[in-house]
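Trainee:
Numbering (the working numbering), first residue to last: 14 to 477.
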């Protein structure tokens with residue numbers, strides 16, 4: 014979820030809270046003002062501060078309800094009792110959306126830590142506020158699990174409770190400043206924020222100082238393989254080889270716009286604000302022409318892209334089969350795409366495919382280009398994943414046998430939705446490369462296997 018999405022999300026559910034507030038306000042006026050005060054001659058008064066607090070609380074709980082129920086589809090009914098798995102997943106992926114989700118889970122419950130002691134002086138103590146906050150979040154997690162609108166995650170309980178603790182600390186800090194109490198107490202009240210910031214900074218420093226980046230498929234928790242029937246059909250080598258490490262600089266948003274602009278110039282248009290609709294995401298930039306003719310997706314990580322010319326939908330335009338490699342190479346060159354002569358060419362169901370794997374002393378050019386050629390002798394669809402990597406160093410990798418031991422010990426990523434692993438059959442092992450979160454193209458082991466008789470690939474990091 015991007016920042017813009019969070020703002021729109023909050024906007025939607027704050028509006029829901031306001032509507033709910035108006036409805037409850039009408040009921041309150043009828044019940045309190047008309048029935049209680051006028052008809053029953055009641056004397057008890059509710060202060061304006063309390064009414065304001067209750068009103069804000071209604072809006073707040075509408076946002077929380079929307080976040081945990083209305084913003085999801087009922088498909089889950091799963092339990093995740095691994096406390097650190099969501100943090101490790103965010104760290105291994107270095108995904109802004111996953112990191113934001115953790116932060117949002119904390120921020121969402123800060124108001125609760127502020128509101129609880131405001132409701133009554135009886136909730137002015139930390140040993141009362143935090144347990145109540147924990148119980149509320151526990152009820153929400155149970156409801157999510159029962160309704161299927163979310164996963165029961167123990168990490169969410171921790172994040173939400175941290176939010177309550179921070180909120181309570183902010184409340185006490187306000188009371189401290191208001192009543193001019195000893196400032197030394199502020200350190201204790203605000204300590205959860207300090208600790209959280211220190212942890213985040215420490216993780217950031219560790220990540221920045223490590224030589225290579227992270228890999229999204231690294232395991233978040235160790236699997237229990239003690240009851241798994243493991244069948245191995247492969248003979249593994251115990252040799253630890255030296256393999257090259259490559260590097261690829263990721264693109265910034267401005268660089269993707271430049272890339273799209275250069276591409277569109279070949280088509281007689283430009284990437285201008287008035288001509289292009291831009292959609293900027295965490296890992297992808299999308300450039301659509303407002304006339305609906307062109308669409309281009311560019312990935313930040315490696316600059317690979319997908320292009321579509323929608324004139325292909327014209328009834329008089331049809332794909333052309335049987336074209337030669339020279340024809341396709343010539344058509345691609347007209348839109349600025351140069352294909353290495355060493356590429357392998359093939360046609361598959363009317364699509365033309367170039368496969369490239371060129372290794373030199375300095376570089377590695379690797380990937381696939383898939384395109385569609387039409388009867389007007391033009392290319393109208395391109396999916397270009399051919400990337401040029403620069404060799405930067407060499408590293409010793411673990412042996413095949415070491416990688417297999419990682420699998421046997423349950424140190425690989427496995428979807429928790431797939432159930433227990435009763436049987437694992439190893440059929441093949443290959444050494445491939447994978448782009449990490451710092452732009453390094455590093456060797457990994459890929460195990461072709463069957464888990465519970467279903468095809469599955471297990472990926473193991475080869476550089477330790």
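Note that CB positions come from ideal geometry on N, CA and C, so glycine has one too.
If we ignore side chains and look at the alpha-carbon of each, how far apart do residue 346 and residue 340 end up?
Mentor: Roughly 10 Å between the two C-alpha positions.
Trainee: In whole angstroms, what separates the C-alpha of residue 136 from that of residue 234?
Mentor: One C-alpha to the other measures close to 38 Å.
Trainee: Could you give the residue range of the beta strand (DSSP E) that holds residue 358?
Mentor: Counting along the chain, the beta strand (DSSP E) containing residue 358 begins and ends at 357-361.
Trainee: Could you check what DSSP says for residue 426 in three-state terms: helix, strand or coil?
Mentor: If DSSP states are grouped into helix, strand and coil, residue 426 belongs with coil.
Trainee: Contact criterion: CB-CB distance below 8 Å. Does residue 107 meet it with respect to chain B?
Mentor: Any reference to chain B falls outside this structure, which holds one protein chain only.
Trainee: Give me the Cα-Cα distance between residue 176 and residue 66, rounded to the nearest whole angstrom.
Mentor: Rounded to whole angstroms, residue 176 to residue 66 spans 19 Å at the Cα level.
Trainee: What would DSSP say about residue 411, mapped onto helix, strand or coil?
Mentor: In this structure, residue 411 counts as coil in the three-state DSSP scheme.
Trainee: What number of angstroms, rounded off, separates the C-alpha of residue 198 from the C-alpha of residue 102?
Mentor: Near 36 Å, if we compare the C-alpha coordinates of residue 102 and residue 198.
Trainee: Going by DSSP, which residues form a beta bridge with residue 222?
Mentor: Answer by DSSP bridge pairing: none, since residue 222 is not bridged.
Trainee: Quick one: using the 10 Å Cβ neighbour count with 16 as the cut-off for buried, is residue 4 buried or exposed?
Mentor: Residue 4 is absent from the structure shown; the chain starts at 14 and stops at 477.
Trainee: Enumerate, from N- to C-terminal direction, the unbroken alpha helix (DSSP H) stretches of 4 or more residues contained entirely within the segment 154-195.
Mentor: For the segment 154-195, whole alpha helix (DSSP H) runs of length 4 or above, ordered along the chain, are 167-191.
Trainee: Which two residues bound the contiguous beta strand (DSSP E) that contains residue 319?
Mentor: Its beta strand (DSSP E) spans residues 318-322.
Trainee: Among 156, 173 and 172, whose alpha-carbon lies nearest the alpha-carbon of residue 165?
Mentor: Closest by alpha carbon: 156.
Trainee: If you draw a straight line from the alpha carbon of residue 76 to that of residue 149, how long is it in whole angstroms?
Mentor: About 15 Å.
Trainee: For residue 97, which residues in the same chain have their Cβ closer than 8 Å to its Cβ, ignoring the five residues on either side in sequence?
Mentor: Closer than 8 Å at Cβ, skipping near neighbours: 168, 233 and 234.
Trainee: Buried or exposed: where does residue 353 fall if 16 or more other Cβ atoms within 10 Å of its Cβ makes it buried?
Mentor: Counting Cβ neighbours within 10 Å, residue 353 comes out exposed, since fewer than 16 surround it.
Trainee: Just to check my reading of the structure: residue 259 and residue 377 have Cβ atoms closer than 8 Å, yes? What is that Cβ distance to the nearest angstrom?
Mentor: About 5 Å separates the two Cβ atoms, so the contact holds.
Trainee: Got a sec? Which residues, its chain only, sit under 7 Å from residue 412 by beta carbon, not counting five neighbours each side?
Mentor: Only 250, 251, 252 and 253 meet the Cβ criterion.
Trainee: Taking only three categories from DSSP, how would you classify residue 101?
Mentor: The answer is helix: DSSP assigns residue 101 an H, G or I state.
Trainee: With distance defined between alpha-carbon atoms, name the residue in 424, 111, 100 and 91 nearest to residue 295.
Mentor: For residue 295, the nearest C-alpha among the options comes from 111.
Trainee: Who are residue 291's beta bridge partners in DSSP?
Mentor: Note: residue 291 sits in a beta bridge opposite 300.
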